[in-house]
Amino acid sequence: MSSTLEQAKQAIPAEIRMISGCRDEQTSADVSNVASFSLPDPAGRAGGALTSSLLNVTYADHTNTGKDLTYSETLLAVREQLKKKGFEQIPQLSSSRPMSVDAHFDLVPENMSGTRRAVMIGINYVGQQGELRGCHNDVLNMKEYLMDVHGFQEGNIEVLMDDGKHTSPTYANIVAAYDRIVSASEAGDVVFCHYSGHGGKLRDDNGDEKDGYDETLIPLDYQSAGQIRDDTLYKDLVGKLKEGVFATSIMDCCHSGSVLDLPYVFVADGEETEMHVAPDFDFAPLMSMAQQVLQQQGVPPQMIALCMDKCNIM
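Shown next, in the form of structure tokens:
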């Protein structure tokens, strides 16, 4: 039987890390005043709890030259801030590769010298039931952080917001933005994806979820176009990013713990001390979708068969 790492490399060519605002069974939250998180120059009064606390922790880390926080320290500090403000959600880190949570937290590893690109999505659902207040501010605050601290350039950051000024975050536009960043990114490049908005759960429609539900992102036009399932995110983003690309995703939404279906997990609950394979993680559905991705990319059938056989899928 192939090892978990071999299967992970076949199913997910890129190194991807995701910080989610809560576990699958939890809901996330808006905060009414991001000034309480002491951000350098907050873009507005409201913001997502995860984004606001994460930025507060990482900005403090950046300005305190005597200490570099690890992934574990960063997430536990975020959790502590959330607790102090009355939020029960537990952030977690998931990854396409095993990693030490004692590694220095960084969106741009030293060995990545290529282009830095970002897709940033903030949806307030203006005028709709369930309207949010802080998602635009999350994007603007995070964008400033990317440019000030991590050297991202304005021209390589694509922003989708329902503010009448930016590209509208509809289902089609979100998927198209992910497709553009996937197509443009090559080995050595850095990708950053940020989503602030509603997240949801839908009954699994193809039998690949052990809990019977797909985790989803909820686009602006979800009532007509539907929700973006985790399967779609795999086929259009996770499974298509090329080997040698380093990607980080921040998911500030409800039910987001496994929305990218990454196999390795660290939950910042104060009890876990290292990353582990997600309980009951099943690579078979991912490998089936990986086969579809390879077919779409025009990979010869014999090469696909060899790849699947290597992981004992066929």
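Residues in the sequence shown are numbered from 1 upward in steps of one, following full-length UniProt numbering. Using N, Cα and C, we set each Cβ at its ideal position, and we do this for glycine too. Fair warning: this is a prediction, and the values are worked out from it, not measured in the lab.
Can you give me the start and stop residues for the alpha helix (DSSP H) that Glu-144 sits inside? Counting from 1 along the sequence shown, the entry for residue 144 is found at position 144. Note, Glu-144: alpha helix (DSSP H), 135-150.
Judging by CA-CA distance, which residue of Leu-260, Ile-121 and Val-245 is the nearest neighbour of Arg-229? Translated into positions along the sequence shown, residue 229 becomes position 229. For Arg-229, the closest alpha carbon among the candidates Leu-260, Ile-121 and Val-245 is that of Leu-260.
Return the bridge partner residues of Ser-95 from the DSSP annotation. Along the sequence shown, read from residue 1 onward, the residue named residue 95 stands at position 95. According to DSSP, residue pairing for Ser-95 in a beta bridge involves Arg-17 and Tyr-264.
Looking at the secondary structure, which residues open and close the alpha helix (DSSP H) in which Leu-82 lies? Here residue 82 corresponds to residue number 82 of the sequence shown, with the count starting at 1. Start and end: 71-84.
Given a cut-off of 9 Å, decide if Val-190 and Lys-240 are closer than it, judged by their beta-carbon atoms. On the sequence shown, residue 240 is found 240 positions in, with the first residue counted as 1. On the sequence shown, residue 190 is found 190 positions in, with the first residue counted as 1. Cβ atoms of Lys-240 and Val-190: not closer than 9 Å.
Range of the contiguous beta strand (DSSP E) that encloses Thr-216: The residue labelled residue 216 in the question sits at position 216 within the sequence shown. First-last of the beta strand (DSSP E) with Thr-216: 213-217.
Hey, how far is the Cα of Thr-4 from the Cα of Gln-10? Walking along the sequence shown from the start, residue 4 turns up at place 4. Walking along the sequence shown from the start, residue 10 turns up at place 10. Roughly 10 Å between the two C-alpha positions.
Close Cβ partners of Glu-73 (< 8 Å) along its chain, the five nearest in sequence each way excluded: Stepping through the sequence shown from its first residue, residue 73 is reached at position 73. Excluding its 5 nearest sequence neighbours in each direction, Glu-73 has C-beta neighbours in its own chain below 8 Å: Phe-105, listed in chain order.
Glu-158, enclosing beta strand (DSSP E) - first and last residue: On the sequence shown, position 158 is the one that residue 158 refers to. Taken as a continuous stretch (DSSP letters only), the beta strand (DSSP E) holding Glu-158 covers 157-161.
Roughly how many angstroms lie between the CA atoms of Thr-115 and Asp-204, to the nearest whole one? The residue labelled residue 115 in the question sits at position 115 within the sequence shown. The residue labelled residue 204 in the question sits at position 204 within the sequence shown. Each residue's alpha carbon lies about 36 Å from the other.
Integer-rounded CB distance, given that Met-289 should sit under 8 Å from residue 340: In this structure the chain extends from 1 to 314, so residue 340 is not present and cannot be described.
Quick check on DSSP: helix, strand or coil for Ile-228? Stepping through the sequence shown from its first residue, residue 228 is reached at position 228. If DSSP states are grouped into helix, strand and coil, Ile-228 belongs with the strands.
Hey, Leu-107 and Ser-168 are a contact pair by Cβ (cut 8 Å); roughly how many whole angstroms apart? Against the sequence shown, residue 107 aligns to sequence position 107. Against the sequence shown, residue 168 aligns to sequence position 168. Leu-107 to Ser-168, Cβ: 26 Å. No contact.
Could you check which residue in Pro-263, Met-275, Leu-54 and Ala-268 has the C-alpha nearest to that of Phe-283? Working through the sequence shown from its first residue, we reach residue 283 at position 283. Nearest in C-alpha terms to Phe-283, of all of Pro-263, Met-275, Leu-54 and Ala-268, is Pro-263.
Determine, using beta carbons only, whether Ala-14 and Val-238 come nearer to each other than 9 Å. Along the sequence shown, one-based indexing puts residue 14 at 14. Along the sequence shown, one-based indexing puts residue 238 at 238. Contact: yes.
Taking Asp-179 as part of the beta strand (DSSP E), name the residues at either end of that continuous run. Translated into positions along the sequence shown, residue 179 becomes position 179. Taken as a continuous stretch (DSSP letters only), Asp-179 belongs to no beta strand (DSSP E), being part of the alpha helix (DSSP H) at 171-184.
Can you name, in chain order, every residue of its own chain whose Cβ lies under 8 Å from the Cβ of Asn-156, other than the five neighbours on each side? As a position in the sequence shown, residue 156 is number 156, starting the count at 1. Same-chain partners within the cutoff: Thr-115, Arg-116, Arg-117 and Ala-118.
Could you check whether the Cβ of Gly-134 sits closer than 9 Å to any Cβ belonging to chain D? Given the protein chain composition of this structure (a single chain), no chain D is represented.
Three-way DSSP call (helix, strand, coil) for Thr-248 in this model: Position 248 of the sequence shown, counting from 1, holds the residue named residue 248. Thr-248 carries a strand assignment under DSSP once its states are collapsed to helix, strand and coil.
Contact defined as beta carbons within less than 8 Å: I believe Val-159 pairs with Val-175. What is the distance between those atoms, to the nearest angstrom? The residue you call residue 159 lines up with position 159 of the sequence shown. The residue you call residue 175 lines up with position 175 of the sequence shown. The beta-carbon distance between Val-159 and Val-175, rounded to whole angstroms, is 16 Å. This is too long to meet the 8 Å contact definition.
Start and end of the alpha helix (DSSP H) containing Lys-201? Start at 1 with the first residue of the sequence shown, and residue 201 comes out as number 201. Careful: Lys-201 lies outside any alpha helix (DSSP H), inside the beta strand (DSSP E) at 199-203.
Mapping DSSP to helix, strand and coil, what is Thr-4? One-based indexing of the sequence shown puts residue 4 at position 4. In the structure shown, Thr-4 falls within a helical segment according to DSSP collapsed to helix, strand and coil.
Gly-48 and Gly-130: beta carbons closer than 9 Å? Walking along the sequence shown from the start, residue 48 turns up at place 48. Walking along the sequence shown from the start, residue 130 turns up at place 130. No. Outside cutoff.
What whole-angstrom Cβ distance do Gln-81 and Asn-111 have, given they're in contact under 8 Å? Indexing the sequence shown from 1 puts residue 81 at position 81. Indexing the sequence shown from 1 puts residue 111 at position 111. No, Gln-81 and Asn-111 are not in contact; Cβ-Cβ is about 31 Å, not under 8 Å.
Would you mind sorting Ile-16 into buried or exposed? The rule is 16 or more other CB atoms within 10 Å of its CB. Within the sequence shown, residue 16 is the residue found at index 16, counting from 1. With at least 16 other beta carbons inside 10 angstroms of its own, Ile-16 counts as buried.
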